[in-house]
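**Q** Going down the list, the sequences are from chains A and B.
Read in order, the letters of the first sequence are residues 8 to 230 in this note's numbering.
Read in order, the letters of the second sequence are residues 8 to 230 in this note's numbering.
Where a beta carbon is used, it is the ideal one built from N, C-alpha and C, also for glycine.
Following this message is one structure expressed as structure tokens.
There are 2 protein chains.
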Amino acid sequence: MISQKPERLFEHERNSGAANRKSDIRGTYDERLNHILEAATGLIARVGYGRASMRAVAREATVSLAGLYHYFDSKERMLFLIQTRTFNSLLNNLREKLHGVTDPIEQLRVMVRAHVGHFAANMAALKVCSHELDSLTGAAHDEASRLRRDYYDLTRSIVDRIYDAHTTESTLDRHVATMCLFGTLNWLYRWYDPKRDRSPTTVANQISSQFLHGVLGVSSRGC
Amino acid sequence: MISQKPERLFEHERNSGAANRKSDIRGTYDERLNHILEAATGLIARVGYGRASMRAVAREATVSLAGLYHYFDSKERMLFLIQTRTFNSLLNNLREKLHGVTDPIEQLRVMVRAHVGHFAANMAALKVCSHELDSLTGAAHDEASRLRRDYYDLTRSIVDRIYDAHTTESTLDRHVATMCLFGTLNWLYRWYDPKRDRSPTTVANQISSQFLHGVLGVSSRGC
DNA sequence: AATGACCGTATGTACGTACGTTCGGTTTTT
DNA sequence: AAAAACCGAACGTACGTACATACGGTCATT
């Protein structure tokens, strides 16, 4: 675990107990942190992490430059928080949607649908996570990688089950197949605009269908 | 067209005619420019365009900082040259390999093989082209986009022919299908290491097989 | 009920640094 | 001697971060 600053997130609520707080027009600590992170996410998605200066983030979030450093002690930690939150919500969302689904093929459809849906609802965040993978260093990079790895493992286990259940013998490498899927999904931010293009569900259906036929069709059993 | 500095590239060769040049241990103008661009490409691929300082590029290319500006008048133009050259060689290579191939399915196999092969031989350059798409601005950005667009159009025309020849009616969006393929290909730089993993040919075969089965299998005709 | 120590939140300002670029000059090549 | 190639040193700027400070609440003590 990494922690060195307030960032209590969900630890002891201030003004604890009383639901009616008179002060604090701007909301709780977490709400304000969220607001800042959302502003930062949008800006980074637009201009990239390197070119997103803390001054610009502050302007975007209507906070003073120094005020930012009350919520995180460095720019890199800000990016870390963005990535961590996004990946956690991606993972939790997927685990939840997967609950009760047993057919591997349906599991994959659920996974793709969840991912595309999550993308459509959080384009900026997913763009940042896809594009700024290596902007973190040291322990922060490791922890973010661990989260990404969890997401991969979960998806990979679905792919494995599909192979095991439907394929007699196959020349396809499962890692390659999984990475192809991730490529398709992580590249979305380069071209897909849910507002302009077909609906997330439609796109998700096409992606899973193509992937499933691609993987199953290549096996010696045909369709 | 964009040009405003020497960058003669292939214009009047100096030392023309004589193959035996006594001077110039360091080679012709183009050779030295290439050397610098290659050094820059490697560095940018490693640390990203934003963090690749001109000082570091100069060090990497064993040129003085000011010496760089003899070859291009700005950092952005350096990136532009890298992207332009890579895309041009990608396109020319593909057009050449496609020559004489008429079967659309074989055309797609050729395209994927060419791309993966080109990637394996120029990992750093393709990484830079995939990752720093939007680091160019203005006219340079437009011209790079145009090249990318040409590459897309060429691939898209193959996909179209596949659909037209082998599909009676299909619910699949051709643009989506093409972008999925590009996602798979452009994401290679995130995970594929030809030295460690399976050979480029093997990976290319798997990618094209999956894609073809994915696209054809979904059509109502089955396999 | 009033006091005062304390904490969370927020700000303005300044520091040091690293960056892209330029300039004037020197060396090398033709 | 002219031109091309190259360089050291500097300039201006924009950045991340640190510092000193201020305001408003909370709460134990008086």
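Starting from the C-beta of L195(A), find all residues in its chain whose C-beta is less than 6 angstroms away, skip the five residues before and the five after it, and write them out in chain order.
**A** Excluding sequence neighbours, L195(A) sits near F126.
**Q** Excluding the 5 residues flanking L50(A) on each side, which residues of the same chain have their C-beta closer than 8 angstroms to its C-beta?
**A** Counting only Cβ-Cβ distances below 8 angstroms, and skipping sequence neighbours, we find A59, A63, V64 and E67.
**Q** Under 8 angstroms, do T191(A) and I169(A) count as touching if we go by C-beta distance?
**A** It is not a contact, given that the beta carbons lie outside the stated cut-off.
**Q** Give me the Cα-Cα distance between Q217(B) and V166(A), rounded to the nearest whole angstrom.
**A** In a straight line, the C-alpha of Q217(B) is about 14 angstroms away from that of V166(A).
**Q** Secondary structure at V222(B), three-state DSSP: helix, strand or coil?
**A** Residue state, collapsed to three classes: helix.
**Q** Got a sec, what are the start and stop residues for the alpha helix (DSSP H) Y76(A) sits in?
**A** That residue, Y76(A), is in no alpha helix (DSSP H); it is neither H nor E in DSSP.
**Q** Taking the beta carbon of E38(A) as the centre, do at least 16 other beta carbons fall within 10 Å, making it buried, or is it exposed?
**A** The residue in question, E38(A), is exposed, as its Cβ has fewer than 16 Cβ neighbours within 10 Å.
**Q** Apart from the five residues on each side of it in sequence, which residues of its chain come closer than 6 angstroms, Cβ to Cβ, to A132(B)?
**A** These residues qualify, in order along the chain: T48 and T93.
**Q** Cα-Cα, which of G224(B), T209(B) and L223(B) is closest to V117(B)?
**A** Ranking G224(B), T209(B) and L223(B) by Cα distance to V117(B) puts T209(B) first.
**Q** Short of 7 angstroms in beta carbon distance, which residues of its chain neighbour E20(A), apart from the five on each side in sequence? Order them along the chain.
**A** Note that E20(A) scores a pLDDT of 36, beneath 50, so its modelled location is shaky and nothing firm can be said.
**Q** Only counting runs of 3 or more residues, tell me where the beta strand (DSSP E) segments fall wholly within the region 144-185 of chain B, in order along the chain.
**A** Entirely contained in the region 144-185 of chain B, not one beta strand (DSSP E) run reaches 3 residues.
**Q** Going by other Cβ atoms of all chains shown within 10 Å of its Cβ, with 16 needed for buried, is Q11(B) buried or exposed?
**A** Because the pLDDT at Q11(B) is just 45, under 50, the model does not fix this residue reliably, and the value given afterwards should be weighed accordingly. The residue in question, Q11(B), is exposed, as its Cβ has fewer than 16 Cβ neighbours within 10 Å.
**Q** Could you tell me whether the Cβ of N193(B) comes closer than 8 angstroms to any Cβ of chain A?
**A** Yes, N193(B) lies at the interface with chain A (some Cβ there is under 8 angstroms from its Cβ).
**Q** Does DSSP put P201(A) in a helix, a strand or coil?
**A** If DSSP states are grouped into helix, strand and coil, P201(A) belongs with coil.
**Q** G55(A) to L72(B), Cα distance in whole Å?
**A** Distance between the alpha carbons of G55(A) and L72(B): 26 angstroms.
**Q** Any beta-carbon of chain A closer than 8 angstroms to the one on D180(B)?
**A** Output row for D180(B): interface = yes.
**Q** Residues of chain A with CB closer than 7 angstroms to the CB of M118(B), please, in chain order.
**A** The contacting residues do not exist; M118(B) stays about 15 angstroms from chain A at best.
**Q** Taking only three categories from DSSP, how would you classify D110(B)?
**A** It is coil, neither helix nor strand.
**Q** Quick check: the region 148-168 of chain A against the region 103-118 of chain A, are at least 3 beta-carbon pairs closer than 8 angstroms?
**A** As far as the Cβ criterion goes, the region 103-118 of chain A touches the region 148-168 of chain A, which means the pair count is three or higher.
**Q** Against chain B, does I214(A) count as a neighbour if the rule is that its beta carbon must be under 8 angstroms from one of theirs?
**A** Closer than 8 angstroms: yes.
**Q** Three or more C-beta pairs under 8 angstroms: does that hold for the region 145-157 of chain B against the region 142-154 of chain A?
**A** The region 145-157 of chain B is not in contact with the region 142-154 of chain A.
**Q** Which same chain residues, not among the five before or five after L75(A), have their C-beta less than 8 angstroms away from its C-beta?
**A** If we look at L75(A) and ignore the five residues flanking it on each side, its Cβ neighbours are I43, M61, V64, A65, A68 and M85.
**Q** Measuring CB to CB, does P207(A) end up less than 8 angstroms from V119(A)?
**A** Result no, Cβ atoms of P207(A) and V119(A) do not sit closer than 8 angstroms.
**Q** Which term fits G107(B), buried or exposed, when burial requires 16 or more other beta carbons within 10 angstroms of its beta carbon?
**A** The residue is exposed, with fewer than 16 neighbouring Cβ atoms inside 10 Å.
**Q** Would you kindly check if the distance between the Cβ of N95(B) and the Cβ of A121(B) is under 8 angstroms?
**A** Cβ distance not < 8 angstroms, so A121(B) and N95(B) don't count as in contact.
**Q** For L40(A), which residues in the same chain have their Cβ closer than 7 angstroms to its Cβ, ignoring the five residues on either side in sequence?
**A** For L40(A), where only same-chain residues beyond five positions count, the Cβ hits under 7 angstroms are Y78.
**Q** For G57(A) versus G221(B), is the C-beta spacing smaller than 8 angstroms?
**A** No, the pair does not count as a contact, with Cβ atoms beyond the cut-off.
**Q** Can you check whether the C-beta of A52(B) is within less than 8 angstroms of a C-beta belonging to chain A?
**A** No - not a single Cβ of chain A is within 8 angstroms of the one on A52(B).
**Q** Can you say whether E139(B) is buried or exposed, counting buried as having 16 or more other CB atoms within 10 angstroms of its CB?
**A** Flag for E139(B) reads buried.
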